[in-house]
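For reference, the structure is listed below as structure tokens.
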Amino acid sequence: MNYIELASEFAPELILTIGALAIMMIGLFLANSQKKVLGYLATIFLAVASLVIVYRGIYDIQMEGILADSLTIDPMSQFFKLTFLVVSLIVVIASIKEYDGHSNQDEYYTLILLGTIGMMVVASAIDIVTMFIGFELASLSTYALAGFNKKDPNSLEAAVKYFIIGALSSALLLFGLSYIYGMSGGLTNISELAVFFNNNPAVLQSPMGIIALMLIVAGFGFKMALVPFHMWAPDTYQGAPTVISALLAAGSKKMAFVAAFRILLIAMIAIKIDIAMVFMILAIITMTLGNVVALSQRSLKRMLAYSSVAQAGYISMVFVVMSPEALTGGILYVMSHAFMKTGAFIAVAALGYMLLKENSNAKDVDHLDNFAGLGKRSPFLAFSIMIFLFALAGIPFTAGFVSKFILFLSVLEGGFYLLVIFAILNSALSLYYYARVVKYMYVLPPSSDEKLKVPGTYAVAILLAIIGVLAIGIVPEPFINWAASAANVLGL
Amino acid sequence: MVDYVLSLILFIPLIGAALTLLFTKSRESARMVAFVSSAISFVLTIMIYLQFEPGIAFLGFQFEEKIGWISSMGINYQLGVDGVSMPLILLNAILCPLTIVYAWGESKLPNQFFALILVLQAGVFGVFMSLDFFLFYIFWELTLIPLYFLISIWGGPNKDYAAIKFFIYTHVASLVMVLGIFALYFSTGVNTFEIPVLLEAFSDIVSAEMRVGIFLALFFGFLVKMPTVPFHTWLPDAHVEAPTAGSVLLAGVLLKMGGYGLFRVLLPMMDSLGPYRSSIITLMAVLAVVSILYATFLALAQKDLKKMVAYSSVAHMGYVMLGAAAFNYMSVSGAMFQQFSHGLITAVLFMSVGVIQHSVHTRIIPDLGGLADRMPKLAFLMMCGFMASLGLPAMSGFIAEFMVLTGSYLTLPVYALLAMVGIVATAGYHLWAMQRAMFGSYNEKLGEPHDLANFEMIPMAILVLLIILFGVYPGSVMEMFEHASKIIPGVMI
Amino acid sequence: MAVDNIVYLIPALPVLAFVLTLAFGKKLPSGGGYIPILAIAISCIISVMAFLQIYNTGIPIEVSAHWFSVLNVGILIDPLASVMLMMVTFVSLLIHIYAIGYMAHDPGKPRYFAETALFTAAMLGVVLADNILQFFIAWELVGLCSYLLIGFWFRKPTAAAAAKKAFLTTRVGDVLFLAGIVILYSSMRDVFLERFPAGIPDGTYLLQFSTIFDNISHIDPTNLTIITLLFFGGAVGKSGQFPLHVWLPDAMEGPTTVSALIHAATMVTAGVYLVARTFPMFIASPAVELAGITIPATLTVVAYIGGFTALFASTMGLVMNDIKRVLAFSTISQLGYMMLALGMGSVIGVAAVGFAMFHLINHAFFKACLFLCAGSVIHSTGTNDLREMGGLMSKMKITGITMLFSSLALAGIGIPFLKIIGTPIGTSGFVSKDAIILEGSYVFANVTHDWIPFAFGVLAALLTAIYTFRLWFMAFTGKPRQERHPHESPATMTGVLSILAVFALVFGMLTFIPFNIFVGHTYDHHEIEELAGLAGNHVIGHDEILDIAHHASPIITLLPVIVGVGGLLLAWVIYNRRWISVASIGNMRNPLFKILAKRYYQHEIFIELISLKFTYGVLALAGEFSDRKIVDGIIDGISSFIIGGAEVLKKIQTGVVQNYATATVLGVGLIALILSLRWVI
Amino acid sequence: MLPVSYYLIVAAIVFCIGVYGVMTLRSGIMIMMCIELMLNAANINLIAFASHFSQVNGHVFVLFSIALAAAEAAIGFAILMSIFRSKNNVNIDNINILRW
């Protein structure tokens, strides 16, 4: 395989890399007021990268063992890559207005692109070394992004908590991976590991294997925000710039899922019963705690964070059921959640932006009280928030409904009655806090009668998310097929 | 056009809702657009009603439409009607335009109000027409949202509590129901969500426990919707807070979805329950009788007129359950007719209560008094409604109750006789309320009430006429129900 | 057969009148009262035509059509229905005419006439029904009209309460009746399924009287007794028999015309008509044993309840001061006589139906007349209270005389032993009551040696005479006790009174023999004998009845007249001559008087105890408590538990990052714990 | 040559010290050092295994890991600097505006 071919295989990543570097360079020569161009540039790069992925094929592509067996291109990687790209695209579009005139825009967009590359690498990685590197690339970029509003104590606090827990988890993960490496006698390739462990399951059931499993689950659990590794998530999502919260919740969190699919469901499938037991408990407490605590939140971002925790709980049921159907549901859920959560955060960001524009001293712009009467002040924004929230709650004709439907169906089909009952009750519970926001927006009177005008780029970003949510909700067929072909990769 | 007539009926209200929401600026145009769209649906419904041929075969649907949707999971956009659903569709088509007329004077956010009513109408149409469980469930859920808004925006003082309670409670139930659907889907292994196919495949499920589990999960979903004691407490709260139009549709058509599910899905399964059949029937019968008696006595205890009517709904839906439990064609067709009839009757009752609330600003029975003196038109129509509700012959409610009781006695004699005990108390609370609210000397503290406005009187009068019409001549509606219930597998003829 | 094609007009015309009066009454003179009068007059004519046809041909008129499901609608005019039909249309017509004058000043006239028209239609529905369900439907509708008309002056709280009480009390009976129908359907279905195992053929209507009567012998005897007892329960409610009679005195809150029409002449007799209508079932019902309890034969129950009611109600009639209530208790008592007569059926067979119906018709005339006279009195004096009346005879001659005639009829005054062509000579009440007591209960006692019904009948007759003349003497004789100047009522009213009074006097004598023969043709004697045989009874023939009655000792024969005249004299002594001080008996210190004046504390028992204390206070409020605190409390409890739990759980999030790190490490420990579970298991 | 388990035990001890430090220390800098300890414990493992199996994979892994640790430290210190600027210390246990 020559370099040209190689480059064409990794065109999306390369485009983004070039884009990141280009933005950084061009940024040097631009005045702050002109740096907005960089946002459009990043948008273009992300859009082009997405198109390349789509052009390259998403259903039936299968390329193994590129770059010394460290990367692959298969429907799963394509699926996740496209998800990450679309999330970043939406986030970038929304950021154009958010950071208009900011002096560090060049770094901002560069970091987003780099973070996206990291996620894409994880999506492709079939070698634990590569995977770890991608993981760290994405993490490091997002650490910086979380603290991007340097003057804002909330943002800093978000960053420091994210960073410390993130670094701790990386260390746990790395330590766990080092044991895997050692136990397998020096293997790092996932498929080789799978072969080895399937032939020697006793190795994984040894204390060392158990410790490895514990640490790896903890490492992934941090990114996925599974209880009790979720503690950073509410604080970070609340404190970080809202658009970055969108990226974290919709992007980097999903990266952990694809990595976990590959490591836990391929490499360590020999101890699937242990994995299932662990995730059964984690899923139940995650979804329950996430939903219950979300009930008490008055900050919308924090509420969305807890909702995100809860949704991770649903998705992690995949690790319990481990059937192709469940995996299809889980993967589809990943994409649906990406759209819903991004949309929701971006919409909150838009409101925050408008409120700050109205009154630059406004505090806690995402407080529930600020949503009162939004239906009158900005019908578009209120309606889109309602769609995202109902999607998160799993109301029909939205992506959330379809993916929950398939996921829960598969869990029941797998015979996990208790789990599915928990999931269902939680799903019902979640309606309470979503509906509360809707009530604030449509039932309560507004604090002022002044209309709010949603800036164009925000509107575009929100519309993209809405299209995604409704497309999966109304025409789910292609998405389900796609997710199913992605699920087939794991060969469960 | 006949090929898509069901879709037309279903989507015209939705289009109307969109038009009302987005393009009407004034109250006048909003209500006109809303009325016209629901009226078109009504006309189309009448058209198919007249063309409908009752009782072709079990699961013999007419006006069927089928478009592939999610073929990988066997989900289709599939609509059709049979004798179970046709009269209920008619009921929905009748009630919604009348409700819109009744709410002619709504001045708070009229375009949203009427749009929500139309969405509700479409949702209920969808439930009654869907032949695909996925679609069925979608519409089932879709009905919650407009009603949630109707309660929480136009509701009474405690609307937050009531709205969210309604929303969550019924949502939990429908999620349990969806579990049943899931289990049905994968344990039959037919890889389709088509209701007729799944119903026929139900008996192929090997494990009897699984069949019962599926049955019970679906049953729970319908139980809460109907609602049946002890899962009824969301209903009085929702009714008390809901605006009148919301209450009318809630009691008039939304509750019927529960009973519809019973007839559409559960009764055809009954024959396949094997050893558990008799205990299931006992369970249903006990729930039914408890509903009837318990709700009746509760209605007696109520001081709020609307709450009393709400409890009377619970009791009346108990007859539906009883008729279904007895599982012979007489009781089942009676139960189906009870659904239809109760839809008309309860609408009159809620409209009456709404008028009282509107003109004297209270519904607390002891605070009222002598309203008949100042509001004779209301008194007349309300009296008709109350009499119909307490099961007076020559009104539709009696036909239904008679069929249910007579039919139930054939298979469940003890329960049928117990249910009859409630009849006296039913008359008791109706008449007691009537006595305290409408008769006696006028309570001057209530101010000068206005009698019915024309837009209030016309829908109520039409409903009363229909109640009497169906009470004197149940005719084709009963015929459809009878044929539909005779062909349920295993039903006792 | 022209009449067959127009019989449906009999009930249809009053319905039409109802609709027209309701719609246009306000704009017409007399509140549109002439519309129902016209309609009922035509109905009355058709009824007479139908009667003539049946009388001539001896074939009942039957019209039937499919209704829905397994039910039909139809009209059955046999002799029984025919006489009832004529009575109802005729009395109703007269009372409507009377009401034109009586209600002249009431602003609610249109409503009144609409409702009475509807009532007449419904009552005709009862009479004409050819199946038990249709009977029940019309039966309920007359109840509705009764409710509406009792509560006609709804602004009066007592009227509203009385209306409700009437409806509810009769509803108790109605539910029993309905249960009877339900069980009957089931039994009939069993009978037919046995005969047609493949399925009951179309066009068989299981609830049609003719179908039922043809199959009585196949119905399970236990069921049959239960069914008939339940039917009788309905009759008890409607006809004000003990213990469901409590509503009838209160029902006097309605206009007097209503009392006359509904609560004397027609509706309350529907219960008697029901028993007569389904008499073959009653007579075939044996005493049965159910779950270890012996249930007596239905007709025995009918006889005892009827007889007891006759006596019981008349005791209360003695002390009432409200003129209408006296009459109400008298109505209850007379209805008891009719039931008593029917109860004798187990011995005298179909003659019992004849006697009961004969008394029913006579009672309709004289009681309607009494009520209308009372109405006339009330109309002019403006009070119901007997103590405020007196000496009205001079002012209101026609009313006084007509009332005297009808009182004589009620008290059953006549000439004993004298018979012309077999017909006794006396007021109509005498003729029919004499028949019930002598040819009914005496013959019964003679055959079965059960003298209790006879004793009830005689004692009640005594009391009847006393209270009747107490009323008449208090109202029309003595000194005027009122400032107001009474005046005679208008001609429409007095004309009606006169007609009715004439009927009260002579109808009995004129029609006794032909009436009983005609009504006797309703049921085939042999069939009745066979059916009685099912219940283990032997029915004796007509001649044998006469034979036993004729050979009774003269004292027995004289007894009804003796008690009648005796009562009259007693009343004269106390209330006219006042030789015995009323106050010395009629005060609250006299426990007997007190218990009567308090009407045996029925109000306390029924209203206070059963309805308020128990139904509302215990059942309803307990239900309310359990619903709010337990059923809903659990739901609310769950929700507040979760929301409270959220407040607690969110505190885990301390905000200190080291704690988060600790949580992470603890999480690793948790996973270790979960994994170690595997080893444990 | 020492058995590989010796290295592993050392690594485990170092790792635990790191974990303990992260959980207990107040200063951000100290916590970062503890994290470095943990990463290096993993590195020791990798190196030990690599040399035990005579493989090069592990060495590569370690090199990457060291580079990443450095990058991580850079970002961490940048964040801590910002904190220091606003609060004049790097004690992160009183950074808790975001909670509950």
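Chains as they are written, first to last, in the numbering used here: chain A, 1 to 492; chain B, 1001 to 1493; chain C, 2001 to 2681; chain D, 3001 to 3100. Heads up, the beta-carbon is just placed ideally off N, CA and C, and yes, glycines get one too.
Under 8 Å Cβ-Cβ, which residues of chain A neighbour residue i?
i: D/Val3022; result: Ile164, Leu168
i: D/Ser3065; result: Phe132, Leu174
Quick one: what's got a C-beta closer than 7 Å to residue i's C-beta in the same chain, skipping five residues either side?
i: B/Thr1188; result: Leu1198, Ala1201, Phe1202, Asp1204, Ile1205
i: D/Leu3008; result: Asn3045, Ala3048
i: A/Leu114; result: Ala20, Leu137, Ser141
i: B/Val1520; result: Absent from the structure is residue 1520 of chain B, since the part of chain B shown begins at 1001 and ends at 1493.
For a test of the three-state rule: what should DSSP assign to residue i, helix, strand or coil?
i: D/Asn3043; result: helix
i: A/Thr328; result: helix
i: B/Asp1304; result: strand
i: C/Ile2421; result: coil
i: A/Ala372; result: coil
i: B/Trp1069; result: strand
i: C/Asp2322; result: strand
I'd like the span of the alpha helix (DSSP H) that includes residue i, first residue to last.
i: C/Tyr2467; result: 2452-2476
i: A/Tyr237; result: 232-239
i: C/Phe2154; result: Careful: C/Phe2154 lies outside any alpha helix (DSSP H) and carries neither H nor E.
i: C/Ser2064; result: Unbroken run through C/Ser2064 is the beta strand (DSSP E), 2061-2068; no alpha helix (DSSP H).
i: B/Met1226; result: Run containing B/Met1226: none; DSSP gives neither H nor E here.
Does the beta carbon of residue i sit closer than 9 Å to a beta carbon anywhere in chain E?
i: B/Met1375; result: No chain E appears in this structure, whose protein chains are A, B, C and D.
Excluding five sequence neighbours on each side, which residues of the same chain lie with their C-beta closer than 6 Å to the C-beta of residue i?
i: C/Thr2468; result: Ser2407, Leu2410, Ala2411
i: C/Ala2328; result: Leu2248, Pro2249, Met2252
Taking the beta strand (DSSP E) that residue i falls in, what are its first and last residues?
i: A/Glu157; result: Element bounds for A/Glu157: not the beta strand (DSSP E) but the alpha helix (DSSP H), 153-183.
i: C/Leu2076; result: 2071-2077
i: C/Ile2293; result: 2293-2295
Can the beta-carbon of residue i be found less than 9 Å from the beta-carbon of residue j?
i: A/Ala171; j: D/Phe3077; result: no
i: A/Ala487; j: A/Thr288; result: no
i: C/Leu2531; j: C/Ile2283; result: yes
I want to verify the contact list: residues of chain C whose CB lies under 8 Å from the CB of residue i, in sequence order.
i: B/Thr1460; result: Contrary to the premise, residue 1460 of chain B reads as Met rather than Thr in this sequence. Here the premise fails: no neighbours, minimum Cβ distance about 16 Å.
So which residues of chain A does residue i contact, with C-beta pairs closer than 7 Å?
i: C/Leu2206; result: Within chain A, no residue comes near C/Leu2206; the closest Cβ sits about 48 Å away, beyond 7 Å.
i: D/Ile3083; result: Leu156, Val160
With a CB to CB cut of under 8 Å and the five nearest residues on each side skipped, what residues in its chain are close to residue i?
i: A/Val469; result: Ser336, Phe339, Met340, Gly343, Ile387, Phe388, Ala391, Thr398, Ala399, Gly400
i: A/Val348; result: Thr242, Leu300, Lys301, Leu304, Asp366, Ile385
Quick one: which chain D residues come within Cβ less than 7 Å of residue i?
i: A/Asn154; result: Ile3097, Leu3098
i: A/Gly182; result: Asn3045, Phe3049
Interface residues of chain A around residue i at Cβ under 9 Å?
i: B/Tyr1148; result: Ala435, Val438, Lys439
Mind pulling the chain C residues with CB within less than 7 Å of residue i?
i: D/Val3019; result: Val2665
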